[in-house]
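These protein sequence lines are chains A and B, in that order.
For the first sequence, the positions run 0 to 182 when numbering that gives the first Met the number 0 is used.
For the second sequence, the positions run 0 to 182 when numbering that gives the first Met the number 0 is used.
2 protein chains.
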Amino acid sequence: MSDPISTREKLLKAAQNLFWTRGYSNVSVRDITRSADVDVALVSRYFGGKQGLFEATLKLVPPWEALAADGEALLLKAVKSFSEPHDPRSDAVNPFTMLLSNVNDPEMGDMIRDMVRRGMSKPLAEKIGGRQAETRAAMLLAVLFGAALMRKSFQVDGFQAQPNEALVAQLMHLARAALAYDG
Amino acid sequence: MSDPISTREKLLKAAQNLFWTRGYSNVSVRDITRSADVDVALVSRYFGGKQGLFEATLKLVPPWEALAADGEALLLKAVKSFSEPHDPRSDAVNPFTMLLSNVNDPEMGDMIRDMVRRGMSKPLAEKIGGRQAETRAAMLLAVLFGAALMRKSFQVDGFQAQPNEALVAQLMHLARAALAYDG
DNA sequence: ACCGCCTGTCAACACTCGTTGACAAAATTT
DNA sequence: AAATTTTGTCAACGAGTGTTGACAGGCGGT
C-alpha cells in the first residue's frame, strides 16, 4: 500500500472516532482494534492500556476558539462551534459531541467535567466579566450544550431539519439573552 | 420486621435509584440486588431480566405536568421541573436526570429518545402553536435540558451556588426568549 | 397428612471485558 | 553477516456480565 500510516496512528484515529461518539465505557478495546484492523495487544503496548488510549485522544481536543474573540464575535464563534452537525462519515468529530458522550461516564466523567470547568466555564466567566459573571457564563453554556444535546442526543425534529442559518440566528438571539440578564 | 415491603418493590426501588442516576449500562444486576439485599436470580424471575426491570422503572415516570398549564404558568412549571436539584439522599430522583443519564446509552437510548419526542417535544410544539412551533419548542427544551446538564452533569460553579429563586428567574427570562423568537 | 404453589438460595453456564507473556517476523544497528 | 531492537501474532488469564435450572423451605387448600 502507498499508505504509510503507522499502527499507532490507526489506533488513535479509530479510538477518537469511537470514544468521542459512543463514550468511553461503551467502547471496548476490541471494538477499536477491529475498526483499525490491528491486533488487540497493541493497545497495551503503545498506549499502556485502554485508559491511556483515551487520554491520548483527549490531547487532540483543540482549545475553544471562541475564547479568543470578543463581544458579538465571541457569541457567533461559540454558537457555531456547537451547532455544527456531527457527520459520522467525516473524520472530524465535534469535540463538544465528545464532551456530551463522556460526561456521564463512571470512569472518565471527572476528567471531562474538569475539562469543561477549566477550559470553558471559568475562562468564559473571566472574559465576559460584569455582575454574576459565573452564572451568566453558565447560562450561555447551558444554551449551547442544550442545543448540542437536542441535535446530537435527542435528535428532536425542530433542530435537524431547517437550514443552518436560521438555527444560528435563533441561537444567537438566545445567547445574547443568556449574557444580558444580570438579575 | 414490621416492614412488609415485598421483594419485588425493593428491587424496583433500588433499580430506579441506580438506573436513573448512573444509566442503564453502567448498572449491573448484581449492583441492584446488592443494594436491595435480594438474591440475583429474582430479577429474572420477577421482571424477566435486566431489561424488563429497567422498563418497569420507566413506567414510574409521571407525565410532564407543565403540559397541563398555559402561557406563563407553563413556563414556570417547566423551569421548576428541571431546575430542582437532584438529591441523592432522597428517594425521588428527578425524571429529567434519568433522561440525561440514559439518552446516550447504547441499548436504551432509542427508547429514551422516543420518550422525549413523544412525551415532550411534540406535545409542547402543538401546545404553543404559532410560527415554527417545532423549532421554538425545541429551543425551550434546549434551555431546560442545558440547565439540567450544567447542574447535574457538568456541575459548573455558577449553577449550584446561588439561591434557587434567582436561578428560576434567570431561566424564566431565557425560556421566554426561546419561545418569543419566531425568525 | 398430602399436595401444590409461591418464595428464596445456590451454583453453574456461556460470554465479554482488559491485560499479559511467550514467541515469530521484520527492520535496524553494529 | 551477526546481533539487537522493534513490530506484530496468538493464546490464555482472571474478573465481571446476564441468565438459568435444580433444590429447599414455608404457606394455604383439599
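Cβ coordinates follow ideal geometry from the N, Cα and C atoms, glycine included.
Exercise. The stretch 123 to 136 of chain B: which residues have C-beta closer than 9 Å to a C-beta of chain A, in chain order?
Worked result: Ala124, Gln131, Ala132, Glu133, Thr134, Arg135 and Ala136
Exercise. For Val142 of chain B versus Gly145 of chain A, is the C-beta spacing smaller than 8 Å?
Worked result: yes
Exercise. In the structure shown, what three-state DSSP assignment does Pro61 of chain B receive?
Worked result: coil
Exercise. Taking all protein chains shown into account, do 16 or more other C-beta atoms lie within 10 angstroms of the C-beta of Asn163 of chain B, making it buried, or fewer, making it exposed?
Worked result: exposed
For this session: Following the continuous alpha helix (DSSP H) through Leu99 of chain B, name the residue where it begins and the one where it ends.
Result: Pro94 to Asn101
Exercise. Is the stretch 120 to 130 of chain A touching the stretch 151 to 170 of chain A, taking contact as three or more C-beta pairs under 8 Å?
Worked result: no
For this session: Spell out whether any CB of chain B is found under 8 Å from the CB atom of Ala165 of chain A.
Result: yes
For this session: Count the other CB atoms, across all protein chains shown, that sit within 10 Å of the CB of Asp104 of chain B; report buried if there are 16 or more and exposed otherwise.
Result: buried
Problem set entry | Exposed unless 16 or more other CB atoms sit within 10 angstroms - verdict on Met0 of chain B | Bear in mind that a pLDDT of 38 at Met0 of chain B, under 50, signals an unreliable position, so the number given afterwards is only what the model happens to contain. Exposed.
Exercise. Would you report the Cα separation of Ala65 of chain B and Tyr23 of chain B, rounded to the nearest angstrom?
Worked result: 27 Å
Exercise. Where Thr56 of chain B and Asp38 of chain B are concerned, what is the direct C-alpha to C-alpha distance, given to the nearest angstrom?
Worked result: 19 Å
Exercise. Would you say Gly157 of chain A and Thr134 of chain B are within 8 Å of each other, going by their C-beta atoms?
Worked result: yes
Exercise. Can you tell me the Cα-Cα spacing of Ala14 of chain B and Glu8 of chain B, whole angstroms?
Worked result: 10 Å
For this session: Determine, using beta carbons only, whether Met97 of chain B comes closer than 8 Å to chain A.
Result: no
Problem set entry | Backbone CA spacing between Lys79 of chain A and Leu73 of chain A [nearest angstrom] | 10 Å
Exercise. If you drop the 5 nearest sequence neighbours on each side, which residues of the same chain put their C-beta closer than 7 Å to that of Arg29 of chain B?
Worked result: Val39
Exercise. Does DSSP put Gly108 of chain A in a helix, in a strand, or in coil?
Worked result: helix
Exercise. In the structure shown, what three-state DSSP assignment does Ile31 of chain A receive?
Worked result: helix
Exercise. Cβ of Glu71 of chain A within 7 Å of any heavy atom in the ligand ADP?
Worked result: Among the ligands in the structure shown, none appear at all, so the ligand ADP cannot be discussed.
Exercise. With 8 Å set as the bound, which would you pick, yes or no: does the beta-carbon of Leu57 of chain B sit closer than that to a beta-carbon of chain A?
Worked result: no
Problem set entry | Secondary structure of Ala137 of chain A, DSSP reduced to three states | helix
Exercise. By a C-beta neighbour count over all protein chains shown, 10 Å radius and 16 as the cutoff for buried, is Ser5 of chain B buried or exposed?
Worked result: exposed
Exercise. What is the DSSP secondary structure of Gly157 of chain B, counted as helix, strand or coil?
Worked result: helix
For this session: Using 10 angstroms around the beta-carbon of Gly108 of chain B, count the other beta-carbons present and answer buried if the total reaches 16, otherwise exposed.
Result: buried
For this session: Determine, using beta carbons only, whether Arg112 of chain A and Phe81 of chain B come nearer to each other than 8 Å.
Result: no
Problem set entry | C-beta atoms of Ala174 of chain A and Ala77 of chain A nearer than 8 Å | yes
Problem set entry | Whole-number beta carbon distance between Ala177 of chain B and Met149 of chain B, since they are thought to touch under 8 Å | Going by Cβ atoms, the distance from Met149 of chain B to Ala177 of chain B rounds to 16 Å, so no, they are not a contact pair.
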